[in-house]
Amino acid sequence: VNKDNTMYATPLYRIKALISFGDVCAGDVGGWVQGEHNLSQSGNCWIYDDAIVCGNAVVQDDASVKDRAVVSGDAKVEDFAVVDGCSRILDSARVRRHATITSAKVCDRATVSGRMHIDRGYIGGNALLTGSATIEGGWEHITVLYHDVWYTMYPDRTTYNTCKQLYAAQIGGDGCITWYDPGVGDF
329 VNKDNTMYAT PLYRIKALIS FGDVCAGDVG GWVQGEHNLS QSGNCWIYDD
379 AIVCGNAVVQ DDASVKDRAV VSGDAKVEDF AVVDGCSRIL DSARVRRHAT
429 ITSAKVCDRA TVSGRMHIDR GYIGGNALLT GSATIEGGWE HITVLYHDVW
479 YTMYPDRTTY NTCKQLYAAQ IGGDGCITWY DPGVGDF
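Everything in the sequence shown is counted per our numbering, starting at 329 for the first residue and increasing by one.
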């Protein structure tokens, strides 16, 4: 709709809903895109607030990007995923299924899927996080909620629990973390 914003010298355009769908009403003003290709026209996906989707990045299905989050490069936010806060989804990263990313960075070829909730921290490389768990952290430590028990790992103790090896809120390289809780259903 309006060209009032730029990112890296690329003009961005504020979106406006033409029809009502999901929790969006016709006429609602949303976030920012570089072009029509950044927001799928099928499903109930939407870019809210001052969120930005640019480059070849795509928001599709029933996914949403909110607050001041940025999705760029070739990244995809799909299915019922939610990206909010000051999150950055970059490069060829994927956020899918019912995953929620809050003020975290997911980049490179990393994928966050299932019912994972990432709150702060960095997920990169070829990392794959899937299943049902909450991961909270900063650069000093990372905390994982699994089966109603909180586990906290610190950089100087990389083997806090042998089935949950993490290093200082950074999941990278070819890392793979999978938690499956049969009570949650298919992820």
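For each residue, glycine too, the CB sits at the ideal point set by N, CA and C.
Option nearest residue i by Cα separation, candidates the options
| i | options | result |
| --- | --- | --- |
| K394 | N384, F349, G359, S368 | G359 |
| L340 | S368, I380, S441 | I380 |
| D407 | R342, I446, W374 | W374 |
| D351 | H365, C382, D390, N366 | D390 |
| S557 | F349, G355, A354, G383 | Missing from the structure shown is residue 557; the chain here goes from 329 to 515 and no further. |
| V434 | R416, A461, G459, K404 | R416 |
| L418 | H426, A427, D436, A409 | D436 |
Residue interval of the beta strand (DSSP E) (run including residue i)
| i | result |
| --- | --- |
| R342 | 338-344 |
| G358 | 357-361 |
| V411 | 410-412 |
| G459 | 456-459 |
| H445 | 445-447 |
| V347 | First, the amino acid is wrong: residue 347 is Ile here, not Val. First-last for I347: undefined, no H or E at that position. |
Residue i vs residue j beta-carbon contact at 8 Å
| i | j | result |
| --- | --- | --- |
| A438 | N454 | yes |
| A385 | N366 | yes |
Proximity test, Cβ basis, 8 Å: residue i and chain B
| i | result |
| --- | --- |
| W360 | Annotation note: the requested chain B is absent from the structure, which comprises a single protein chain. |
Alpha carbon of residue i to alpha carbon of residue j, nearest angstrom
| i | j | result |
| --- | --- | --- |
| R448 | D402 | 22 Å |
| A337 | V361 | 13 Å |
| R485 | V440 | Here R485 scores only 40 on pLDDT, less than 50, and its place in the model should not be relied on; the value that follows carries that caveat. Each residue's alpha carbon lies about 24 Å from the other. |
| K492 | I429 | At K492, the pLDDT of 37 sits below 50, so the modelled position is not reliable; the number obtained from the coordinates is stated separately. Approximately 20 Å, taken between the alpha carbons. |
| L346 | Q369 | 11 Å |
| S420 | I451 | 12 Å |
| S400 | R424 | 15 Å |
| R342 | V357 | 7 Å |
| V411 | H445 | 10 Å |
| E364 | G413 | 23 Å |
| G355 | D377 | 14 Å |
| A427 | C382 | 21 Å |
| L456 | Q388 | 20 Å |
| K404 | R422 | 5 Å |
| T458 | N372 | 23 Å |
| R443 | C353 | 28 Å |
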